[in-house]
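Q:
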Amino acid sequence: MQEHTLAPVGQSLIGGLLPGPSPDYTLLARMGASDALTHRVLPWQQQGAVTVVAARGNAGKATQARLRQVFGQVAICPVAPDQFDQELLPLLQQATVARAETLLPRDQSCRPIQQSFGLQMTALAVVALLALAPSAVFAALCLVAAVLCIANALLKFTCAVAAGRTPPPATALADDALPVFTLFVPLLFEEDIASHLLTRMSALDYPRHKLDLCLLTEDHDATTRAALARTTLPPWVRVIEVPAGTIRTKPRAMNYALPLARGSIIGIYDAEDNPAPDHLRRVAAEFAARPANVVCLQGKLDYFNASANFLTRCFTLEYAVWFRLFLPGLGRMGMVVPLGGTTLFLRDTAIRALHGWDAHNVTEDADLGIRIARAGYRTQIIDITTQEEANGRLWPWVKQRSRWLKGFAMTWAAQMRDPAALLRDIGPIRFGVLQIMLIGMLVQTLLAPLLWSMWLIVLGLPHPLTRFVAPDLLRATAIAFFAAEAVQLVTYTIGAKRAGKCGLIPWSPLMHLYFPLATAALIKALWEMVKRPHYWDKTRHGFYAPPRA
Numbered sequence: 306m307q308e309h310t311l312a313p314v315g316q317s318l319i320g321g322l323l324p325g326p327s328p329d330y331t332l333l334a335r336m337g338a339s340d341a342l343t344h345r346v347l348p349w350q351q352q353g354a355v356t357v358v359a360a361r362g363n364a365g366k367a368t369q370a371r372l373r374q375v376f377g378q379v380a381i382c383p384v385a386p387d388q389f390d391q392e393l394l395p396l397l398q399q400a401t402v403a404r405a406e407t408l409l410p411r412d413q414s415c416r417p418i419q420q421s422f423g424l425q426m427t428a429l430a431v432v433a434l435l436a437l438a439p440s441a442v443f444a445a446l447c448l449v450a451a452v453l454c455i456a457n458a459l460l461k462f463t464c465a466v467a468a469g470r471t472p473p474p475a476t477a478l479a480d481d482a483l484p485v486f487t488l489f490v491p492l493l494f495e496e497d498i499a500s501h502l503l504t505r506m507s508a509l510d511y512p513r514h515k516l517d518l519c520l521l522t523e524d525h526d527a528t529t530r531a532a533l534a535r536t537t538l539p540p541w542v543r544v545i546e547v548p549a550g551t552i553r554t555k556p557r558a559m560n561y562a563l564p565l566a567r568g569s570i571i572g573i574y575d576a577e578d579n580p581a582p583d584h585l586r587r588v589a590a591e592f593a594a595r596p597a598n599v600v601c602l603q604g605k606l607d608y609f610n611a612s613a614n615f616l617t618r619c620f621t622l623e624y625a626v627w628f629r630l631f632l633p634g635l636g637r638m639g640m641v642v643p644l645g646g647t648t649l650f651l652r653d654t655a656i657r658a659l660h661g662w663d664a665h666n667v668t669e670d671a672d673l674g675i676r677i678a679r680a681g682y683r684t685q686i687i688d689i690t691t692q693e694e695a696n697g698r699l700w701p702w703v704k705q706r707s708r709w710l711k712g713f714a715m716t717w718a719a720q721m722r723d724p725a726a727l728l729r730d731i732g733p734i735r736f737g738v739l740q741i742m743l744i745g746m747l748v749q750t751l752l753a754p755l756l757w758s759m760w761l762i763v764l765g766l767p768h769p770l771t772r773f774v775a776p777d778l779l780r781a782t783a784i785a786f787f788a789a790e791a792v793q794l795v796t797y798t799i800g801a802k803r804a805g806k807c808g809l810i811p812w813s814p815l816m817h818l819y820f821p822l823a824t825a826a827l828i829k830a831l832w833e834m835v836k837r838p839h840y841w842d843k844t845r846h847g848f849y850a851p852p853r854a
């Protein structure tokens, strides 16, 4: 097939020697905006049977085969690198940003959620019922909260049994058999990159020619840009700046960077993470030892400042159960695993096939875990641990938990858009467990004040339920509630032991004073669901110094 080459473009590009005043974006869509950005080419206009393509310097020669595959006959127009970067790259970036925000199809995404009035209508219905029959509604909500508490405790206990002992690590791979890792580290207003982030990442024991560390920054983030300008980056580190769009979220930044990833395994760390040096070697070995349908490996999180104050102790206890019992048990049983947003590793073929992350979801990790299961893939929890900073300040804790709860609500709403399809994709058992995890957790958190009133029954004191529930049923409910609370204490004990933090076990009974904060956070989250559902409330860190290596 004939290849055409035009002379280099002169001083003026737009309205100059390139035909037409602007690119034909239908041509860009045919090639793919991210593909064009990767190769630094911009399909411009169709002239008869020939497609004119602007290319940065000699980039067109390197991608001739790809261009011919898409367009047939092409005329490559070399553009000076500086000129391409100034005049054409912004056009390409705009198209790529739009793709990053809409990479996940609309029917799978939560981006239409602001147009849904279900939440408002539900709230109005509850208010109306409370006005008409307050005692009956109060009693019904108490029963709902008690049932969900019991179901949640049974699920946690089942997961604790299923998690069992940690299996032995997979056999390590030789250096020449190791895959290439691309690590995404999203950054926003990070002042201290050189002495913390790069020092920790440089400690990773992995061949540097097989390591592709991508620091994802936002174009409005002058703080991080200034920190990077003061830092000499090693060759295996790249900075990918994400241009402005309609939203600013972590999943949008990762969608933007995904086409630029070089590795066959995509890993995600947070800026404050402190991974152990052997993490990547162990992840590579685990992927090699597991079947192809295991496309996601989730590591565990722990906190270096667990003993700082009441909040950090409870936070660490809560996540000891989450990462040592709950998630491993779900993975062993083949259930849907709501992922954590860091120490997360994905086969690149799978994340691309799944259309990346939902850019509008503020807990894109939990959403991705469900989509992995719906596609027939599996997630497993592996025995590697990343040290992080537990949130130990009241308002930052509420803001962080509010974002998580809002994201869980958005995830549930998006996945339950077609309940029959979800049931068909994951089966009835996993469907039921997912309801307990998501909507059960949300409703139980919202109704927690009513749930605490169940202690009146346990202690033999009057309760509004006595007017509506038979004494035997009331007694059975109280006994089941008390047993559920005992199970919760047992899981805290097991989780603390498995995390090597037995000193936190005496704090387990005080978790009843910790969880009311989650109710306050959920009220904030529900308000934001109506007013600004896609707003990403960044968690501040750096209040506690990490331990020296």
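First residue of the sequence shown: 306, per our numbering; consecutive thereafter.
Glycine included, C-beta positions come from ideal geometry on N, C-alpha and C.
Since the model is a prediction, treat every value here as computed from it, not as a measurement.
What are the boundary residues of the beta strand (DSSP E) that includes T522?
A: Run containing T522: 516-523, per the beta strand (DSSP E) assignment.
Q: Quick check on G712: does DSSP put it in helix, strand or coil?
A: Three-state DSSP puts G712 in a helix.
Q: Alpha carbon to alpha carbon, how far is T401 from P512?
A: So the alpha carbons of these two residues sit roughly 31 Å apart.
Q: Given this structure, state the Cα-to-Cα distance separating C807 from P473, to the nearest angstrom.
A: The straight-line gap from Cα to Cα measures roughly 23 Å.
Q: Based on the DSSP secondary-structure assignment, which residues constitute the bridge partners of G325?
A: According to DSSP, G325 bridges with nothing at all.
Q: Strictly by DSSP, which residues pair up with D607?
A: Bridge partners of D607: Q692.
Q: Among V442, E693, H660, which residue has its Cα nearest to the Cα of R557?
A: Taking only the C-alpha atoms, the option nearest R557 is H660.
Q: Please classify Q420: is it buried, with 16 or more other beta-carbons within 10 angstroms of its beta-carbon, or exposed?
A: Any answer about Q420 is weak, because its pLDDT of 49 lies below 50 and its placement is not dependable; what the coordinates show is given next. It is exposed - the Cβ of Q420 has fewer than 16 other Cβ atoms within 10 Å.
Q: Give the list of continuous alpha helix (DSSP H) stretches no shorter than 4 residues that lie fully inside the region 441-510.
A: Fully enclosed alpha helix (DSSP H) runs of 4 or longer: 504-507.
Q: Would you please state the rounded distance, in angstroms, between the beta carbons of T690 and A465? I believe it to be under 8 Å.
A: The Cβ separation is near 18 Å, so there is no contact.
Q: Buried or exposed: A359, going by 16 or more other Cβ atoms within 10 Å of its Cβ?
A: It counts as buried.
Q: Alpha carbon to alpha carbon, how far is L602 from F592?
A: The straight-line gap from Cα to Cα measures roughly 8 Å.
Q: Is it true that the CB of L446 sits closer than 8 Å to the CB of L755?
A: Against a cut-off of 8 Å, the Cβ pair of L446 and L755 comes out as a contact.
Q: Look at the alpha carbon of A594 and the alpha carbon of H584, and state the distance between them as a whole number of angstroms.
A: C-alpha separation (whole angstroms): 15 Å.
Q: Assess contact between the region 516-536 and the region 553-571, defined as three or more Cβ pairs (one per stretch) separated by less than 8 Å. Is contact present?
A: Short answer: they touch.
Q: Locate the beta strand (DSSP E) running through Q350, then write down its first and last residues.
A: 346-352 is the extent of the beta strand (DSSP E) around Q350.
Q: Using the beta-carbon count (16 or more within 10 Å), is S339 buried or exposed?
A: Buried, because 16 or more other Cβ atoms sit within 10 Å of the Cβ of S339.
Q: Assign E496 to buried or exposed, taking buried as 16 or more other Cβ atoms, counted over all protein chains shown, within 10 Å of its Cβ.
A: E496 should be labelled exposed.
Q: Threshold first: 3 residues or longer. Then list the beta strand (DSSP E) segments lying entirely within the region 598-650, N to C.
A: Fully enclosed beta strand (DSSP E) runs of 3 or longer: 599-608.
Q: For a test of the three-state rule: what should DSSP assign to N560, helix, strand or coil?
A: N560 falls in the helix class under three-state DSSP.
Q: Within the continuous alpha helix (DSSP H) that includes L365, where are the two ends?
A: Here residue 365 is Gly; the residue named in the question, Leu, does not match the sequence. That run of the alpha helix (DSSP H) goes 364-367.
Q: Among residues of its own chain, excluding the 5 on either side of I810, which ones have a beta-carbon nearer than 8 Å to its beta-carbon?
A: Around I810: Y797, T798, A801, K802.
Q: Please name the residue, chosen from R652, I656, R657, F628, that lies closest to P643 on a Cα-to-Cα basis.
A: For the residues R652, I656, R657, F628, the minimum Cα distance to P643 belongs to F628.
Q: If we call anything under 8 Å between Cβ atoms a contact, is I455 one with A719?
A: No. Outside cutoff.
Q: Kindly list the residues whose CB is nearer than 8 Å to the CB of L747, restricted to its own chain and excluding five residues on each side of it in sequence; keep chain order.
A: Correct list, in chain order: L710, F713, A714, W717, L827.
Q: Just checking, does the region 598-617 make contact with the region 685-701 on the three C-beta pairs under 8 Å criterion?
A: Touching, yes.
Q: In terms of residue numbering, what span does the alpha helix (DSSP H) encompassing A360 cover?
A: Run containing A360: none in the alpha helix (DSSP H); it sits in the beta strand (DSSP E), 355-361.
Q: Are there 16 or more other CB atoms within 10 angstroms of the CB of T504, so buried, or fewer, so exposed?
A: With fewer than 16 other Cβ atoms within 10 Å, it is exposed.
Q: Pick from D670, V667, L699, V641: whose alpha carbon is nearest that of A678?
A: Comparing Cα positions, the closest option is V641.
Q: By Cβ distance below 7 Å, which residues in the same chain neighbour Q352 in space, the five residues on each side in sequence not counted?
A: So the qualifying residues of the chain are P324.
Q: CB W841 to CB V667, shorter than 8 Å?
A: Result yes, Cβ atoms of W841 and V667 sit closer than 8 Å.
Q: Quick check on this structure: which residue in T648, T476, M638 has the alpha carbon closest to the alpha carbon of A590?
A: Of the listed residues, the one whose Cα sits closest to A590 is T476.
Q: Output the distance between the C-alpha atoms of L372 and A341, rounded to the nearest integer angstrom.
A: Looking at the two C-alpha atoms, the distance is approximately 10 Å.
Q: Tell me which residue opens and which closes the alpha helix (DSSP H) that R535 is part of.
A: Here R535 belongs to no alpha helix (DSSP H), and DSSP marks it neither H nor E.
Q: Whose C-beta lies closer than 8 Å to the C-beta of P582 among residues of the same chain, with five residues either side of it excluded?
A: Cβ within range, chain order: A508, L509, D510.
Q: Under a three-way DSSP split, which group does T343 fall into?
A: DSSP places T343 in helix when its eight states are reduced to three.
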